[in-house]
Every structure is written in structure tokens, then in C-alpha cells.
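In terms of full-length UniProt numbering, the sequence shown has 52 at position 52, counting the first letter as 1, and numbering is strictly consecutive. From the three backbone atoms N, C-alpha and C, an ideal C-beta is built for every residue, glycine too. Okay, so here's the structure we're looking at.
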Amino acid sequence: MSSALNAKELLIRAVECDQVGRILEAQTLYTEGIAQLMQFVNGEPDEAKRKVFLTRIKEYMDRADAIKARINGKLMLGEVVSHVSIDENDTGFDYDQLFGKYMDDKTVEIMLEEPYMTQNYQYQNLVRFLELAATNCPNLKYFRLITKEYQDAKNPDQQVTNLGQIKGDLERRNVTVSIKYEDSLHDRKIYLSNGYIIKIGRGLHFYKAANPMYSIGLVNYKFRKCLQTDVDIWRNSSAAS
1 MSSALNAKEL LIRAVECDQV GRILEAQTLY TEGIAQLMQF VNGEPDEAKR
51 KVFLTRIKEY MDRADAIKAR INGKLMLGEV VSHVSIDEND TGFDYDQLFG
101 KYMDDKTVEI MLEEPYMTQN YQYQNLVRFL ELAATNCPNL KYFRLITKEY
151 QDAKNPDQQV TNLGQIKGDL ERRNVTVSIK YEDSLHDRKI YLSNGYIIKI
201 GRGLHFYKAA NPMYSIGLVN YKFRKCLQTD VDIWRNSSAA S
């Protein structure tokens, strides 16, 4: 019966998140709760009980589908509020300067689509982004990362280990984290629940390495040379509703 109780807890939390507008977290909880409830129902010998559970599952699946439609609607691009072209070797473009002002106390959920999360500097860029979120978004409750799965032949567990450390740190700060792997992922996108969508041609990884290593720009990325890219900030008015 424990799986049914776990499913009930997950689905109750899903409804609660749905009611307060935390739809990304609600989607994750509905998915996990429905899967656990299905697992329980498949082992239930009583046909009458099975029918009751299947009816409830259908209700939750309908809610999950409605959530998915809402999320897709919020990811629709609206009007461009900012466009920045960064030329090769430009400096003066850290995350805070580019889009920090759009990350505020109304941001309770963030979704980051970043295909490449395999190298040390890419994990460092992710941490820098999350540090900005921790600074600017005091009410952040949920973070979802969508990336490609990667296994290094020399260290096959490196990605899981590194992302696990980041997840653990955020959860100690009362931010729920979901990591999803999509091998077909190509686009780079940052969705903020306050209604802004940030699209960067190169994703988070548009900084060149400090050269030499111990030089100005090692820590403060405002002084880092950049790769050529474009940054567009979109506002979807329905996303704040």
C-alpha cells in the first residue's frame, strides 16, 4: 500500500502547486504521482477497486494534460523587449547585466533548456546562473534543467555526480529541482515564471576561457571575452497570469 500512499502524497502536492501557479512543479508531481498510482493499480487484484483507481487516474491525467497545455502557451514567444548582439571578443556582458533585471521576486519557477552540460566550465556557468537566481529571485521554489545525457568513457558518472551536487545544494535552499534528459534537444532557452523568456544563441556558454588563467575575468565575467552570439528577451503576458 506504500506506493499508493506515496502517489497520494505526490498528487496532493501537485494539486497544491497547481492552485498557487507553480505549474512546472505541478507537472512533475502529476507525472510522478500518476506513474506510481498506475504501478499500484496494476498489482491490485480487486476489479472494483481497480475501476475506482483508474477513474481517479483519468482525472489526474486530464489535469496533467491541462497543465501541459498551459506551459506550452506560456512558452509561446510574445514581444521582444530587448535585443543584444555580442561580437567576437566583446567584454562587459555578464549574466546580471544581460538579463538580471528580469529575474525578480515574482520568479517562483525557472526552466533552463541547455543541451550541453558536460565540461567543467559548463557546470560553472550553470552555477553562476543559479547564483544570480538565488540573489535576484528570493521566492524561487522550483528549477527544471533539460539537457542532453552524456557519458564520459573515462568517468561515466561525472554528469550525474556534478548535477547531483548542484541539485542537492539547491534543495538544501528549499528549491525543488528536476533534471530531464532529452537527446534531441537543440534550442537554448530560459523560461521565467514571471513572464520572460530569454533566448541566447549559444545558451549559457558564450564566454571564452580566461587567458592566461590567472587574469582579470577569471572570477568576474564582466571582463571575460565573449564568443559571437545574440541575446533576445521576450515577454509573454499570459505567462504572468
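With which residues is residue i paired in a DSSP beta bridge?
i: residue 269; result: Here the chain has residues from 1 to 241 only, and residue 269 is not among them.
i: T176; result: Y142
i: Y207; result: C226
i: Q191; result: With the sequence shown as reference, residue 191 is identified as Tyr, and Gln is not the correct amino acid for it. DSSP output for Y191 lists M111 and I197 as bridge partner(s).
For a test of the three-state rule: what should DSSP assign to residue i, helix, strand or coil?
i: E114; result: coil
i: R235; result: strand
i: E109; result: strand
i: V20; result: coil
i: W181; result: Position check: residue 181 holds Tyr in this sequence, whereas Trp was assumed. Strand at Y181.
i: L170; result: helix
i: M1; result: Its pLDDT being 48, under 50, M1 is placed unreliably by the model, and nothing is read from it.
i: V80; result: strand
i: K154; result: coil
i: L218; result: coil
i: K148; result: coil
i: L54; result: helix
i: G73; result: helix
i: residue 243; result: Because residue 243 is not part of the residues shown, which for the chain are 1 to 241, the question remains open.
i: F40; result: helix
i: G164; result: helix
i: F93; result: coil
i: R13; result: helix
i: Q124; result: helix
i: Q27; result: helix
i: Q159; result: helix
i: S241; result: Only weak support exists for where S241 lies, its pLDDT of 43 falling under 50; the value from the coordinates is given anyway. Coil at S241, not helix or strand.
Compute the beta-carbon to beta-carbon distance between residue i and residue j, rounded to the nearest angstrom, for a pair I have assumed lies under 8 angstroms.
i: V177; j: K141; result: Not confirmed; about 11 angstroms, so no contact.
i: W234; j: V41; result: Incorrect: roughly 42 angstroms between the Cβ atoms, too far for contact.
i: E131; j: E25; result: With a Cβ gap of about 21 angstroms, E131 and E25 do not count as contacting.
i: I216; j: F223; result: 5 angstroms
i: E114; j: Q228; result: Not confirmed; about 19 angstroms, so no contact.
i: Q198; j: I190; result: According to the sequence displayed, residue 198 carries Ile and not Gln. Going by Cβ atoms, the distance from I198 to I190 rounds to 4 angstroms, so yes, they are a contact pair.
i: K148; j: L185; result: 6 angstroms
i: Y221; j: D94; result: 4 angstroms
i: D230; j: G201; result: 5 angstroms
i: L11; j: G33; result: 4 angstroms
i: I23; j: I71; result: 6 angstroms
Report yes or no: is there a C-beta of chain B within less than 8 angstroms of the C-beta of residue i?
i: E16; result: Here chain B cannot be found, since the structure has a single protein chain.
Inset, instruction - For the stretch 104-117 and the stretch 56-63, state whether three or more C-beta atom pairs, one from each stretch, are separated by less than 8 angstroms. - result: Counting Cβ pairs under 8 angstroms, fewer than three are found: no touch.
Inset, instruction - Inspect the CB distances between the stretch 111-125 and the stretch 152-168 and report whether three or more fall short of 8 angstroms. - result: Cβ pair count under 8 angstroms is three or more, so yes.
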